[in-house]
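**Q** Here the sequence shown stands for residues 1 to 56, numbered as in the working numbering. The C-beta atom is built at its ideal place from N, Cα and C for all residues, glycine as well. Please read all numbers here as calculations on a predicted model, not as lab measurements. To start, I am sharing the structure in question, which I have written as structure tokens.
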Amino acid sequence: MDTALTLWAFDIKEDPAQPIDTMGFTDTAKVHVRPFKAGFTPRIPRLREVVESCMD
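Dropping the structure here:
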């Protein structure tokens, strides 16, 4: 549910100054995506107020 709400609430974009390495995984027994930077822009005005009103 948290992922769905994040995708609903924000436009998520790659940082053009630091492109995401789509092959950037660890080479350990438990594979992880390597850290990357992204920008989060609210999709609607006053997002904080909307989300907080839903939490009541």
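Identify the continuous beta strand (DSSP E) that holds residue 41 and give its terminal residues.
**A** That run of the beta strand (DSSP E) goes 38 to 42.
**Q** Can you grab the Cα-Cα spacing for the pair residue 40 / residue 8, in whole Å?
**A** Rounded to the nearest angstrom, the two C-alpha atoms are 11 angstroms apart.
**Q** Is residue 51 helix, strand or coil by DSSP?
**A** Looking at residue 51 - three-state DSSP - the assignment turns out to be helix.
**Q** In this structure, does DSSP put residue 2 in helix, strand or coil?
**A** Residue state, collapsed to three classes: helix.
**Q** Taking contact to mean 3 or more Cβ pairs, one atom from each stretch, closer than 8 angstroms, check whether the stretch 41 to 52 and the stretch 16 to 31 are in contact.
**A** The stretch 41 to 52 is not in contact with the stretch 16 to 31.
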